[in-house]
Amino acid sequence: MSVTSGTKPESGIGETIRVVIHALIIALVIRTVLFQPFNIPSGSMKATLLVGDYLFVSKYSYGYSHYSLPLSPPIFSGRIFGSEPARGDVVVFRLPKDDSTDYIKRVIGLPGDRIQMREGLLYINDVPVKRERLSDFVGEDPCGSDATARVKRWKETLPNGVSYESLDCVDNGFYDNTNVYNVPPGHFFMMGDNRDNSTDSRVLSAVGYVPFENIIGRAQMIFFSIAEGEHAWQIWRWPTAVRWNRIFNIVR
1 MSVTSGTKPE SGIGETIRVV IHALIIALVI RTVLFQPFNI PSGSMKATLL
51 VGDYLFVSKY SYGYSHYSLP LSPPIFSGRI FGSEPARGDV VVFRLPKDDS
101 TDYIKRVIGL PGDRIQMREG LLYINDVPVK RERLSDFVGE DPCGSDATAR
151 VKRWKETLPN GVSYESLDCV DNGFYDNTNV YNVPPGHFFM MGDNRDNSTD
201 SRVLSAVGYV PFENIIGRAQ MIFFSIAEGE HAWQIWRWPT AVRWNRIFNI
251 VR
């Protein structure tokens with residue numbers, strides 16, 4: 001004798017909807033708790049990050065604020081499981097002047113630090129940052145034009161030993177000589193590696209000091225990169241347009 005269930009088998013459409021909902025929930029959890037993808041639209045972090053780089057940002061590195069959530073609902077203040085960024089980390093944060101805008105810069109100043117630029121040289125707590133001249137950067141112009149350019153490149157080493165490359169488009173640029181910036185408690189001082197073409201914490205009217213709460217996460221790895229001016233959806237151009245040597249590079 002055979003026995004049949006009293007329920008009808010789930011339809012193909014119902015199964016598909018269930019799978020899609022589960023996939024969306026998983027993606028939402030990953031995006032909120034673990035990693036969020038970002039792309040680089042400007043050259044303020046050249047040569048560390050180039051226009052057309054796509055990277056993963058770890059949300060768990062510094063804990064979570066309401067900016068970690070999709071649409072950033074202000075359901076709580078401060079941070080949960082907070083851990084402050086280290087000097088030299090490359091971070092994504094919400095612009096204090098417009099918290100609908102994401103910026104990516106390098107952490108230069110910690111709470112309580114004194115930051116200043118003198119003749120293009122960075123000073124932290126009145127001590128100049130060690131700087132070593134490298135070969136010139138040659139490539140997509142970091143100074144703003146569409147042409148290929150050659151500009152000065154330096155290796156800077158912060159007091160905690162973190163090293164990175166910075167670019168210097170012009171001597172005695174607008175923010176090469178500044179007053180002393182005193183970083184308030186609970187805030188951080190951010191700078192772009194492309195020093196003469198970066199709107200960062202040196203511009204108090206536009207960025208200024210970044211509250212810890214505004215930090216979204218740490219830039220970890222480049223997972224895709226396409227030449228400036230190209231479009232990622234034009235797959236047929238990938239063989240020549242994709243920067244294959246940048247894929248899976250760790251952001252430092």
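Just so we're aligned, residue 1 is where the sequence shown starts under full-length UniProt numbering, counting upward by one.
Where is the CB? At the ideal position from N, CA and C, for every residue including glycine.
Only a predicted model underlies this, so the values are computations on that prediction, with no experimental measurement involved.
#1: Quick one: is P185 near chain B, going by C-beta distance under 9 Å?
#2: Quick one: give me the first and last residue of the beta strand (DSSP E) that W238 is part of.
#3: Taking the alpha-carbon positions, what's the Y175 to K59 distance?
#4: Per DSSP, E165 is paired with what?
#5: Going by DSSP in three states, F81 sits in which element: helix, strand or coil?
#6: According to the Cβ coordinates, are V138 and A149 closer than 9 Å?
#7: In whole angstroms, what separates the C-alpha of D136 from that of R106?
#8: DSSP three-state call for H66: helix, strand or coil?
#9: Tell me which same chain residues have a C-beta within less than 6 Å of the C-beta of S72, skipping the five on either side of it?
#10: Measuring straight from C-alpha to C-alpha, what distance separates R243 and F223?
#11: Which of the three DSSP states, helix, strand or coil, is assigned to A47?
#12: According to DSSP, is F212 part of a helix, a strand, or is it coil?
#13: Give me the residue from G173, D102, T48, N249 with the minimum Cα distance to G88.
#14: Out of curiosity, what's the CA-to-CA distance linking L55 and I216?
#15: Buried or exposed: where does E15 fall if 16 or more other Cβ atoms within 10 Å of its Cβ makes it buried?
#16: Just the C-alpha distance for L122 and A241, rounded to the nearest angstrom, thanks.
#17: Classify S68: buried if its beta carbon has 16 or more other beta carbons within 10 angstroms, exposed otherwise.
#18: Report all residues from its chain with a CB closer than 7 Å to the CB of D113; omit the five preceding and five following residues, and keep chain order.
#19: Would you mind reading off the limits of the beta strand (DSSP E) that contains T101?
#20: Under 7 Å Cβ to Cβ from C169, same chain only, skipping five residues before and after it: list those, please.
#21: I believe A206 touches K97 by the beta-carbon criterion, under 8 Å. Please report the beta-carbon distance rounded to the nearest angstrom.
#22: On a CA-only basis, which of K46, R118, V129, A23 is nearest I104? Give me that one, please.
#23: What are the residues that DSSP puts in a beta bridge with R94?
#24: Distance check for R131 and R218, CA to CA, integer angstroms please.
#25: Roughly how many angstroms separate the alpha carbons of T157 and N179, rounded to a whole number?
On the basis of the coordinates in this document:
#1: The chain labelled as chain B is not found in the depicted structure, where only one protein chain is given.
#2: Here W238 belongs to no beta strand (DSSP E); instead the alpha helix (DSSP H) covers 238-241.
#3: 31 Å
#4: K155
#5: coil
#6: yes
#7: 21 Å
#8: helix
#9: H66
#10: 11 Å
#11: coil
#12: helix
#13: T48
#14: 14 Å
#15: exposed
#16: 35 Å
#17: buried
#18: I124, N125, V183, F189
#19: 98-109
#20: P142, C143, V151, D196, N197
#21: 6 Å
#22: K46
#23: D102
#24: 24 Å
#25: 22 Å
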